[in-house]
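Remarks on the structure that follows.
Protein chains in written order, with this note's numbering: chain A, 1 to 111; chain B, 1001 to 1140.
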């Protein structure tokens, strides 16, 4: 999976540069988040602006990151969801779990 | 004779082909079929259902064996859409997967439930040397 990470003070923004997040590639995002948690970086913003489609495996990776961040007194927030991705969060009611922002700046400022 | 579109795809049992399955299913939703609903939504749901069903077949049915094959058939008639996903494994307990409601913070367990939610009929059964997950959606 193509990912870029940017540090903004104590917050790390991960930009997912893929059109799809599914069982083939979502493990890479999970690994990247675990690496950041091991380094003590527990406040994450995941920018999904390039992602047009996410399946239950992709959601599972985000839930895993959210739970790990929470247990380390951090947080994982999402931004820039395309309409289908937003629908997927609503279908699974995960929009009630995650804080979702329309822009990366808003997500970063919310910490 | 009724207008009918049939597609029969066989891919290696590897998740790297999920994107291909997704693109084919999205394109089919925009084929000249009789459907008065939202085609973008139909494309999204077909992509999602086939991605989830194929992932289950690759990972559970075929137990991630890259030497096995995954066969998918899609038939679109005037009244309904029938998707079949075949695996060559020992099968899995779809009823247990469907009935165990995923909690909001569970990392797994949403795939089969999404299929049941988006399709009108779902059956999983043994057929000759394979298992087949058959999913039907009525086109209204």
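Here a beta-carbon is modelled for each residue, glycine too, at the ideal position from N, C-alpha and C. Keep in mind the model is a prediction, meaning the values are calculated, not measured.
Residue i, DSSP secondary structure in three states
i: residue 1135 (chain B); result: strand
i: residue 1082 (chain B); result: strand
i: residue 53 (chain A); result: strand
i: residue 113 (chain A); result: Only positions 1 to 111 of chain A appear in the structure, and residue 113 (chain A) is not among them; the question remains open.
i: residue 93 (chain A); result: coil
i: residue 109 (chain A); result: helix
i: residue 1040 (chain B); result: helix
i: residue 73 (chain A); result: coil
i: residue 1031 (chain B); result: coil
i: residue 1100 (chain B); result: coil
i: residue 1026 (chain B); result: helix
i: residue 86 (chain A); result: helix
i: residue 33 (chain A); result: helix
i: residue 1013 (chain B); result: coil
i: residue 1109 (chain B); result: coil
i: residue 66 (chain A); result: helix
i: residue 38 (chain A); result: helix
Partner residues on chain B for residue i, Cβ-Cβ distance less than 7 Å
i: residue 86 (chain A); result: Chain B residues near residue 86 (chain A): none, gap ~11 Å exceeds 7 Å.
i: residue 34 (chain A); result: None at all; the shortest Cβ gap to chain B is about 13 Å.
i: residue 67 (chain A); result: 1105
i: residue 59 (chain A); result: 1110
For residue i: DSSP bridge partner residues
i: residue 101 (chain A); result: A:79
i: residue 13 (chain A); result: A:6, A:45
i: residue 1130 (chain B); result: B:1127
i: residue 1087 (chain B); result: B:1131
i: residue 1008 (chain B); result: B:1073
i: residue 20 (chain A); result: A:53
i: residue 1121 (chain B); result: B:1136
Assigned exposure category for residue i - 16 Cβ within 10 Å defines buried
i: residue 1040 (chain B); result: exposed
i: residue 1096 (chain B); result: exposed
i: residue 91 (chain A); result: buried
i: residue 1110 (chain B); result: buried
i: residue 62 (chain A); result: buried
i: residue 105 (chain A); result: exposed
i: residue 1084 (chain B); result: buried
Chain B contact residues for residue i, given Cβ-Cβ distances below 9 Å
i: residue 74 (chain A); result: Ordered by position in chain B, no residue passes the 9 Å Cβ test against residue 74 (chain A), which lies about 15 Å from the chain.
i: residue 92 (chain A); result: 1102, 1104, 1110, 1113, 1114
Where residue i meets chain A, residues with beta-carbon distance less than 8 Å
i: residue 1089 (chain B); result: By Cβ distance, chain A contributes nothing, its closest Cβ being about 16 Å from residue 1089 (chain B), past 8 Å.
i: residue 1044 (chain B); result: 53, 84, 87
i: residue 1048 (chain B); result: 53, 55, 88
Closer than 8 Å at the beta carbon, the chain B residues around residue i
i: residue 95 (chain A); result: What residue 95 (chain A) touches in chain B: nothing, since even the nearest Cβ is about 10 Å away.
i: residue 63 (chain A); result: 1105, 1106, 1107
7 Å Cβ cut-off: residues of chain A touching residue i
i: residue 1143 (chain B); result: Any property of residue 1143 (chain B) remains undetermined from this structure, which presents chain B solely from 1001 to 1140.
i: residue 1051 (chain B); result: 22, 55
i: residue 1018 (chain B); result: 22, 23, 24
Partners in chain A for residue i, counting only beta-carbon separations shorter than 9 Å
i: residue 1082 (chain B); result: The premise fails here: residue 1082 (chain B) is roughly 21 Å from chain A at the closest Cβ pair, so nothing lies under 9 Å.
i: residue 1015 (chain B); result: 22, 23, 24, 25, 57
As an exercise, report each continuous alpha helix (DSSP H) stretch of at least 4 residues that is fully enclosed by the segment 1050-1080 of chain B, in chain order.
Counting only runs of 4 or more, we get nothing.
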